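In terms of the UniProt record's numbering, the first sequence opens at residue 1 and continues consecutively. In this text, a Cβ means the ideal position worked out from N, Cα and C, and glycines have one as well. Only a predicted model underlies this, so the values are computations on that prediction, with no experimental measurement involved.
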Amino acid sequence: MNGSFTHKLLKHSLYTATTTTTTTTTHFPLTSLQCGTILQSLTNAKSFTKGHQLHAHITTSGTLQNNTYLGTKLAAFYASCGRMPQAQFIFDGIDFKNLFLWNAMIRGYACNGGSSSFKSIVLYREMLAFGWKADKFTYPFVLKACGYLLLVEIGRRVHGEAVVSGLDSDIYVGNSLLAMYMKFGDMGMARMLFDRMPERDSTSWNTMISGYVKNESPKEALVVFDMMEKAGMTVDGTTLLGLLSACTGLMALELGKGVHGYGVRHNAEMSNKFLRNALIEMYCSCNSIAYARRLFDEVKLKDTVSWNSMISGHEQSGDAFECLRLFCKMVTEGALPDEVTIVTVLGGCDQIMALQFGTSIHSYLVKKGFGVNTIVGTSLLDMYSKCGSLASSRCVFDEMPEKNLVSWSAMVTGYGVHGRGREAITIFHAMIADNVCPDEGVLTSVLSACSHAGLVNEGRQIFHGMTTKYNVKPTPALYSCVVDLLGRAGHLNEAYELIKSMEVVPTDDIWAALLSACRLQRNMNLAEILEQKVFEMNPKGVGSYVCLSNIYAAEKRWGDVERIRAMVRKKGLKKPPGCSFVEVDKKVHRFLVGDRSHQQTEYIYAKLEDLKQQLKEAGYKPDTNSVFYDVDKEVKEKMLWDHSERLAIAFALINTGPGTIIRITKNLRTCGDCHTVTKLISKLMCREIIMRDIRRFHHFKDGSCSCSDYW
DNA sequence: CTAGGGTTAG
Numbered sequence: 001m002n003g004s005f006t007h008k009l010l011k012h013s014l015y016t017a018t019t020t021t022t023t024t025t026t027h028f029p030l031t032s033l034q035c036g037t038i039l040q041s042l043t044n045a046k047s048f049t050k051g052h053q054l055h056a057h058i059t060t061s062g063t064l065q066n067n068t069y070l071g072t073k074l075a076a077f078y079a080s081c082g083r084m085p086q087a088q089f090i091f092d093g094i095d096f097k098n099l100f101l102w103n104a105m106i107r108g109y110a111c112n113g114g115s116s117s118f119k120s121i122v123l124y125r126e127m128l129a130f131g132w133k134a135d136k137f138t139y140p141f142v143l144k145a146c147g148y149l150l151l152v153e154i155g156r157r158v159h160g161e162a163v164v165s166g167l168d169s170d171i172y173v174g175n176s177l178l179a180m181y182m183k184f185g186d187m188g189m190a191r192m193l194f195d196r197m198p199e200r201d202s203t204s205w206n207t208m209i210s211g212y213v214k215n216e217s218p219k220e221a222l223v224v225f226d227m228m229e230k231a232g233m234t235v236d237g238t239t240l241l242g243l244l245s246a247c248t249g250l251m252a253l254e255l256g257k258g259v260h261g262y263g264v265r266h267n268a269e270m271s272n273k274f275l276r277n278a279l280i281e282m283y284c285s286c287n288s289i290a291y292a293r294r295l296f297d298e299v300k301l302k303d304t305v306s307w308n309s310m311i312s313g314h315e316q317s318g319d320a321f322e323c324l325r326l327f328c329k330m331v332t333e334g335a336l337p338d339e340v341t342i343v344t345v346l347g348g349c350d351q352i353m354a355l356q357f358g359t360s361i362h363s364y365l366v367k368k369g370f371g372v373n374t375i376v377g378t379s380l381l382d383m384y385s386k387c388g389s390l391a392s393s394r395c396v397f398d399e400m401p402e403k404n405l406v407s408w409s410a411m412v413t414g415y416g417v418h419g420r421g422r423e424a425i426t427i428f429h430a431m432i433a434d435n436v437c438p439d440e441g442v443l444t445s446v447l448s449a450c451s452h453a454g455l456v457n458e459g460r461q462i463f464h465g466m467t468t469k470y471n472v473k474p475t476p477a478l479y480s481c482v483v484d485l486l487g488r489a490g491h492l493n494e495a496y497e498l499i500k501s502m503e504v505v506p507t508d509d510i511w512a513a514l515l516s517a518c519r520l521q522r523n524m525n526l527a528e529i530l531e532q533k534v535f536e537m538n539p540k541g542v543g544s545y546v547c548l549s550n551i552y553a554a555e556k557r558w559g560d561v562e563r564i565r566a567m568v569r570k571k572g573l574k575k576p577p578g579c580s581f582v583e584v585d586k587k588v589h590r591f592l593v594g595d596r597s598h599q600q601t602e603y604i605y606a607k608l609e610d611l612k613q614q615l616k617e618a619g620y621k622p623d624t625n626s627v628f629y630d631v632d633k634e635v636k637e638k639m640l641w642d643h644s645e646r647l648a649i650a651f652a653l654i655n656t657g658p659g660t661i662i663r664i665t666k667n668l669r670t671c672g673d674c675h676t677v678t679k680l681i682s683k684l685m686c687r688e689i690i691m692r693d694i695r696r697f698h699h700f701k702d703g704s705c706s707c708s709d710y711w
């Protein structure tokens, strides 16, 4: 039937539907055939309102009486619009059901998602009980529902039934089987069926490719693609989409570029928004942010996913400033942020401790009536905690209607890194009382909380009870926490014995934890034993070397310090430059060590000079031991005053009013002298200073620190 | 009026 004829019929039917209700029902009733034809096109177009009106016409004109034909069309129409209650009502009223009707209902339920999918399986069973035989149309719907609900056993049974009926050789049924096993994560089975398929189309190949990508075998996906090309199959947009996600997973830039080029050459479909977004994601994951950004900027009609991919690309690459800027641009341009956007941007706030920015996002959510669900709530509480506002973090936590394991863990971690071990343990026990089963992650959080607070007995108890109580086996990460806990508290031998008793080879992290404890406890004997381990280790950074050097420096063993330094030089390792962030008037400022690029540089260094004099008068003596370079004492002292956290503090002191809390984050562990200086500044200037270093928070107030010098 | 309906990706 051609479109204009349908349109005329449609207009006629709507005219009749509206006039009949006001005048008389016997004027112009449409025939069954007419209604059926119109319903068919409305079903295809999923235009609910018009179909609903036509239904009213059919009812009032009496056409529906004892009419299986129209009833079936109506039920199919409602089902295709996802209006299952109405469809079910019609369905129930039809005495002589046919297979098409059953299929339409099963499809409606299967495509509706959620528990509705389960209804489709129930209906399928009901259909069989009434003596019907499933046909090649039935299976794809039922299999889809099984895949969606991950009903493995039922899915296998339906598969068996399809085999018995011989319909598994139908290509649609076959493809649906592949899709179902792919969702079950059973690529072995999917592959076996695929290999045995009598014929395969692009969908079969595409399903295999995306199946391997989804099940974390991107390499296999590429192998299948190779075979697909050799088999002469048509490569379409879906194929390219699967390949691009494979490249994203493998961080395979060259290959990704190849797919990009192939797409440009072989189909104009690269303008498809899904492909564009996949390209942006691929370039981001391959660390080609600039390239991704160029693609992104070229796109005129950006959807939320495009914004999210790009914002997340900046966040992942560590450019939190650009991440926040792009979010502002998104809002200004009228795009609609969703949950993913919010979580990503809050992650950006974490990185640079942008508390005011994060707080404004919280207000934005409230103002826009954005429901704060578990995921958004958790990232909000995490943001507050990482930005140094534990009280706000707890408020969000308490107001969350639903908490999951991640929410509880985030709260435990929050208390832990702020040095409030007792509260961390309390939250942990509240979680257990709430019947949430702990995992490795939350146990790591609670153990490290014990460690930061020196709660040795509590931590030891949790560690030794975790296998029997919570069925969590000790992992290297957990061992590393306990070694840290025992070592810091002075139980170095117990920690060392624990490492030796482990059934697995200790990881670098575990040795690093023990070494760090040696520094704190000034245990030279063990440190000397560990030195060899440090050399054997393959650390990404220079942390352990710096630690070792600090240990020797504290004992004034300069020869050993020089030996370590030489080793670092030989290995070509570099300490990343210190970098601190501080937020003033909703703007985050970044300071590198010795930074002179800031507009207020003159004032900052003058302020530091002034502070140095005042501190010296108050009895401060610089501790140059932690300076890693071989220079004389005066130069070392000067270098200390270049440390980025001091620049940030001085800047904040100049630009904020009395009593304002100063919040700072630094990319490395803060040095002993900065720790002393910050304590003194907090007293001298009557300022609370909250500093997050790579390990934990330090709350400086009235000349002392919340870590009790134990970090 | 006796056909009509299905699979992958986002």
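Under a three-way DSSP split, which group does residue i fall into?
| i | result |
| --- | --- |
| residue 727 | Limits of the chain in this structure are 1 at one end and 711 at the other, which puts residue 727 out of reach. |
| V588 | strand |
| S704 | strand |
| C671 | coil |
| V366 | helix |
| S317 | coil |
| C686 | coil |
| E528 | helix |
| C81 | coil |
| H491 | coil |
| V582 | strand |
| F96 | coil |
| F89 | helix |
| T26 | Interpretation of T26 is limited by its pLDDT of 44, a score under 50 that renders its predicted location unreliable; the figure taken from the coordinates is listed afterwards. Correct three-state label for T26: coil. |
| F697 | strand |
| N277 | helix |
Excluding the 5 residues preceding and the 5 following residue i in the sequence, name in chain order all residues of the same chain whose CB lies nearer than 6 Å to its CB.
| i | result |
| --- | --- |
| G347 | E315 |
| G441 | S409 |
| Q351 | A320 |
| T344 | I311, S312 and E315 |
| K533 | W511 |
| F581 | I352, M353, V588, R590 and T665 |
| T21 | Per-residue confidence for T21 stands at a pLDDT of 39, beneath the threshold of 50, marking its modelled position as unreliable; no derived number is given. |
| C450 | G421, E458, G459 and L485 |
Residue range of the alpha helix (DSSP H) that residue i falls in?
| i | result |
| --- | --- |
| M411 | L405 to V417 |
| I154 | V152 to S165 |
| P218 | P218 to K230 |
| V627 | From DSSP, V627 is part of no alpha helix (DSSP H); its letter is neither H nor E. |
| A335 | No alpha helix (DSSP H) contains A335, which DSSP labels as neither H nor E. |
| V173 | I171 to F184 |
| D508 | D508 to Q521 |
| N655 | S644 to N655 |
| F130 | Where F130 is concerned, there is no enclosing alpha helix (DSSP H), given that its DSSP letter is neither H nor E. |
Less than 7 Å separating the beta-carbons of residue i and residue j?
| i | j | result |
| --- | --- | --- |
| S644 | L592 | yes |
| R519 | I564 | no |
| F397 | M411 | yes |
| I689 | T676 | no |
| G237 | N272 | yes |
Take residue i and list the residues in its own chain whose beta-carbon comes closer than 7 Å to its own, dropping the five residues that flank it on each side.
| i | result |
| --- | --- |
| A278 | L241, L244 and S245 |
| F274 | L241 |
| V483 | A495, L498, I499, I510, A513 and L514 |
| L149 | S117 and F118 |
Residue i lies in the beta strand (DSSP E); which residues open and close that run?
| i | result |
| --- | --- |
| K666 | I662 to K666 |
| R692 | I689 to R692 |
Closer than 8 Å by C-beta to residue i: which residues in its own chain qualify, once you throw out the five before and the five after it? Chain order, please.
| i | result |
| --- | --- |
| L326 | W307, M310, I311 and H314 |
| S217 | M187 |
| L178 | A190, L193, F194, S204, T207, M208 and G211 |
| K633 | T624 |
### Task
Flag this pair as touching only if the segment 223-234 and the segment 250-258 have three or more C-beta atom pairs under 8 Å; answer yes or no.
no
### Message
Does the segment 572-589 come into contact with the segment 604-622, if we say contact requires no fewer than three beta-carbon pairs (one atom in each stretch) closer than 8 Å?
### Response
no
### Query
So, do the segment 694-704 and the segment 469-485 have three or more beta carbon pairs nearer to each other than 8 Å?
no
### Query
Three or more beta-carbon pairs under 8 Å between the segment 200-219 and the segment 159-170, yes or no?
Cβ pair count under 8 Å is below three, so no.
### Query
Is the segment 552-563 touching the segment 281-300 in the sense that three or more CB pairs, one from each, lie closer than 8 Å?
no
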